[in-house]
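Position 84 of the sequence shown, counted from 1, bears residue number 77 in our numbering, the numbering being contiguous throughout. The beta carbon of each residue, even a glycine, is placed where N, CA and C say it ideally should be. Heads up: the structure comes next, in structure tokens.
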Amino acid sequence: MVPNGLTIIESPYAGELERNRIYLGRAIRHAISLGEVPFASHGFFTWVFDDRDPASRKLGIQLGYYFWPHAEKVVFYMDYGESNGMEQARHRLEKYFPDMKTAHRRIGRND
């Protein structure tokens, strides 16, 4: 398999953590199955920062945005709706990366 390029993954995280972590893993595997190289900052930086602390959460989000200029596309996984973080990402995308490829995907809710 030849990867198609870096794909930013946006999916819900805060709130129902266990459900959302499982869903994120499924979204990442789905992107890989399509030949993409996925990156989900909310699945990476939450291992380092406390997502419950507003300053840590903000820093993790800001660090995640550093990957965006290198991405081929941003994909929103929508089976659980659009979270506040996903909405922020969408607004940032529209403002700073209006020509970036985007996709909205559904892979079904967790069993």
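Nearest to residue i by alpha carbon, out of the options?
i, options, result
"residue 24", "73, 47, 3, 62", "3"
"residue 69", "40, 100, 52", "100"
"residue 19", "40, 88, 71, 75", "71"
"residue 51", "90, 63, 7", "7"
"residue 61", "49, 91, 22, 47", "91"
Give me whichever residues DSSP pairs with residue i in a beta bridge.
i, result
"residue 84", "Paired residue(s): none; residue 84 is not in a bridge."
"residue 3", "69"
"residue 31", "0"
"residue 64", "The partner list for residue 64 (beta bridge, DSSP) is empty, contrary to what the question assumes."
"residue 98", "70"
Using C-beta distances below 8 Å, list every residue in its chain close to residue i, excluding the 5 sequence neighbours before and after it, in chain order.
i, result
"residue -3", "27, 28, 29, 30, 65"
"residue 41", "53"
"residue 81", "54"
Is the beta carbon of residue i sitting closer than 8 Å to the one on residue j?
i, j, result
"residue 86", "residue 79", "no"
"residue 38", "residue 56", "yes"
"residue 77", "residue 16", "no"
"residue 5", "residue 58", "no"
"residue -1", "residue 63", "yes"
Excluding sequence positions up to five away, which residues of its chain have a Cβ less than 6 Å from the Cβ of residue i?
i, result
"residue 96", "68"
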